[in-house]
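Structure first, then comments.
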Amino acid sequence: MTAPQTITGGRAALYLRVSTARQAEHDVSIPDQRRQGEGWCAARRFKVVDTYVESGASATNDRRPEFQRLIEAGTSKPAPFDLVVVHSFSRFFRDHFELEFYIRKLAKNGVKLVSITQEMGDDPMHVMMRQIMALFDEYQSKETAKHVLRAMRENARQGFWNGSLPPIGYRVVAAEQRGAKVKKRLEIDPFHAETVRTIFRLALEGDGVSGSMGVKAIAAWLNERSIRTRDGGRWGLGAVHQILTRSTYTGRHEFNRRGKDRKLKPKSEAVVVEVPPIIEQETFDGVQAHLQARNPKKVPPRVVSGPTLLTGLIHCAKCGGAMTIRTGKGGQYRYYACSTKARQGPTACTGMSVPMERLDDLVAKHLEDRLLQPDRLEVILSAVLDRRQEQTTRKRAHVADLNKRATETELRLKRLFDAIENGIADVNDPDLKERIATLKATRDQAKADAERVTASLGAAGQKAVAPDMLAKFASAARQRMRIEGGGYRRDHVRSLAQRVEVDVGEVRILGSKSNLLQALIAGATETKPGAVPSFVPKWCTRQDSNL
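The sequence shown lines up with residues 366 to 912 when you count with the numbering used here.
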């Protein structure tokens, strides 16, 4: 093996990198790499023409802005430098394949990569040694990552937060001190938590004018009312959807649920961290069902707009599969038949076929005779109304807390202004200006949240369910279900029943109490077609409601 050749003269670019933002903040490694790199270049009469500093970026991939800028410059023609100088090859890459790929990419343009602590030649032996060292760097990086993840999972098991940006609606607070480390937990941020509750309420119940709202409608509703995100920006579809699908808000945060590639990991690798809940589990489940019902990948558009009454609602009780339309006598007769049996034969399911008109009449008549009666509606909805009363009580307590916070913040601002008037504080002090701005933002947000919750309480109060309202709804719904000359209004039937299961000698009709209450509130004035989305659950809780 020959000794590495000493390179002298030419133009050089320094590439300096540390792995974490904390290392960059301490400002030790980067200056040391710069000093050694400039000394190495000076001793060999290289002129440093550019320096690329990567503060807090991993070398396991090439998703680094300064690294990409370096490669772009190094592969341009003509290249602005002849040499890329790094402290060690691990500063450039910790993946042996990617290291060799970029070394060869630069070499094609006449640019060489040099390590000041691992000087190598160009002969095969030195190339092999460089590749072996790169393998060791990659192995060390993966081992370190494994041990760091193990420590973070244990930290999560103990209920502590691992340091990432918390979901909107939460904030990080110090929980306890262990040696030099401060363990942290999540607590509810009262300002943004109300925004999260509003988003879930809009998705499940709507704003009192229309039925439940979709992601796009919610984002527009928030932006129209100048309700901003945590960083003061406008709401987009992605941000709203992320909130609606994040189980953390029910009090259970899953750490290590996804890998760096954003793919889901096995459930056994996830660690559940208990956090204060912002919404109830029932509310979260209801919103997920709404999202699934609106998802075109799960529910084809034809299910919503099709001509048949029970399309998308009717299922075979034996296998759980959907029942679809089959025809006989050249289309003269139409049947609901089990799709599993139709596709896979009777060995997969022995499901039955039911004449379409007969089943449509049976379901509609049962809804009219057994559900759309004021006494029955009152029994079914009593639990929902009791739960809403509890939510109203909690909201009133939350409004009191928000008003108290706004008052306290106003007093703090007044004391600061008094200090400025008395000459105790300097109005030009940047820290004082920042403190005043923060207090004003806190006060304004608390007032806005209190007004919004109070408005929702007022809207809820206007929707109190009275006996005459039940009778009016039952009568109107029975009329609106029917079409003059025969047939049924499909949207009204779907507002009352969200799943129909057909078995031998039995038809089970399932629905949601929350959906029924929404239909009642909207139907007391005018039921809008399509205002009530569908999902599966249970207002039909007793066997006496089944045929």
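Built from N, CA and C at the ideal position, the CB exists for glycine as well.
{"query": "With three or more beta-carbon pairs closer than 8 Å as the criterion, would you say the region 715-726 touches the region 508-524?", "result": "no"}
{"query": "Quick one, which of 585, 620, 617, 615 has its alpha-carbon nearest residue 603's?", "result": "585"}
{"query": "Do you know offhand how far residue 481's Cα is from residue 452's?", "result": "5 Å"}
{"query": "What are the partner residues of residue 875, as DSSP defines its beta bridges?", "result": "864"}
{"query": "Hey, is residue 774 close to the ligand SAM, as in C-beta under 7 Å from one of its heavy atoms?", "result": "Among the components of this structure there are no ligands whatsoever, and the ligand SAM is therefore not found."}
{"query": "Using 8 Å as the cut-off, can you tell me whether the region 697-706 makes contact with the region 680-688, which would need three or more C-beta pairs spanning the two stretches below that distance?", "result": "yes"}
{"query": "At what residues does the beta strand (DSSP E) containing residue 584 begin and finish?", "result": "Premise fails: residue 584 lies in the alpha helix (DSSP H), 580-589, not in any beta strand (DSSP E)."}
{"query": "So, at 8 Å on beta carbons, what are the nonlocal neighbours of residue 728 in its own chain, with the 5 sequence-adjacent residues on each side left out?", "result": "674, 675, 858, 862, 865, 872, 874"}
{"query": "With H, G and I counted as helix, E and B as strand and the rest as coil, what does DSSP make of residue 419?", "result": "strand"}
{"query": "Identify which residue in 505, 613, 544 has its Cα closest to the Cα of residue 553.", "result": "613"}
{"query": "Please state whether DSSP places residue 406 in a helix, a strand or coil.", "result": "helix"}
{"query": "In the DSSP assignment, find the unbroken alpha helix (DSSP H) run with residue 535 in it and report its ends.", "result": "It is not in any alpha helix (DSSP H) - residue 535 instead sits in the beta strand (DSSP E) that spans 535-543."}
{"query": "Would the beta-carbon of residue 536 fall within 8 Å of that of residue 620?", "result": "no"}
{"query": "I need the straight-line Cα distance from residue 425 to residue 510, nearest angstrom please.", "result": "11 Å"}
{"query": "Short of 6 Å in beta carbon distance, which residues of its chain neighbour residue 416, apart from the five on each side in sequence? Order them along the chain.", "result": "379"}
{"query": "So, at 7 Å on beta carbons, what are the nonlocal neighbours of residue 461 in its own chain, with the 5 sequence-adjacent residues on each side left out?", "result": "496, 499, 500, 503"}
{"query": "Should the region 803-815 be regarded as contacting the region 834-845, the criterion being three or more beta carbon pairs within less than 8 Å?", "result": "no"}
{"query": "Taking all protein chains shown into account, decide if residue 710 is buried (16 or more other Cβ within 10 angstroms of its Cβ) or exposed.", "result": "exposed"}
{"query": "Roughly how many whole angstroms lie between the Cα atoms of residue 641 and residue 402?", "result": "50 Å"}
{"query": "With 16 other CB atoms within 10 Å as the buried threshold, where does residue 466 fall?", "result": "exposed"}
{"query": "To test your reading of the DSSP string, which unbroken alpha helix (DSSP H) runs of 4 or more residues are found completely within the region 481-523?", "result": "489-522"}
{"query": "Would you say the region 562-574 touches the region 584-599, given that touching needs at least three Cβ pairs under 8 Å?", "result": "yes"}
{"query": "From residue 485 to residue 463, what distance separates their C-alpha atoms?", "result": "18 Å"}
{"query": "With distances taken from CA atoms, which of 508, 844, 814, 569 is nearest residue 730?", "result": "844"}
{"query": "Keeping to the same chain, check which residues put their C-beta closer than 8 Å to that of residue 595; ignore five residues upstream and five downstream.", "result": "533, 557"}
{"query": "How far does the beta strand (DSSP E) with residue 608 in it extend, from its first residue to its last?", "result": "Careful: residue 608 lies outside any beta strand (DSSP E), inside the alpha helix (DSSP H) at 602-609."}
{"query": "Cβ of residue 506 within 8 Å of Cβ of residue 459?", "result": "yes"}
{"query": "Within 10 Å of its beta-carbon, does residue 559 have 16 or more other beta-carbons around it, so buried, or fewer, so exposed?", "result": "buried"}
{"query": "Which stretch, first to last residue, makes up the beta strand (DSSP E) that contains residue 379?", "result": "375-383"}
{"query": "Compute the Euclidean distance between the alpha carbons of residue 548 and residue 638, then round it to the nearest angstrom.", "result": "14 Å"}
{"query": "Strictly by DSSP, which residues pair up with residue 681?", "result": "867"}
{"query": "Under 8 Å by Cβ, that's how I've got residue 615 and residue 653 pegged, so tell me the actual separation to the nearest angstrom.", "result": "In fact, because the Cβ distance is near 11 Å, the residues do not count as touching under 8 Å."}
{"query": "Tell me which residue opens and which closes the beta strand (DSSP E) that residue 702 is part of.", "result": "698-703"}
{"query": "Do you know offhand how far residue 568's Cα is from residue 742's?", "result": "24 Å"}
{"query": "Ordered along the chain, which non-local residues of its own chain (more than five positions away) have a Cβ less than 8 Å from that of residue 359?", "result": "The shown model of the chain, from 366 to 912, leaves out residue 359, and the question about it has no answer."}
{"query": "Hey, would you say residue 430 sits closer than 8 Å to residue 438, going by beta carbons?", "result": "no"}
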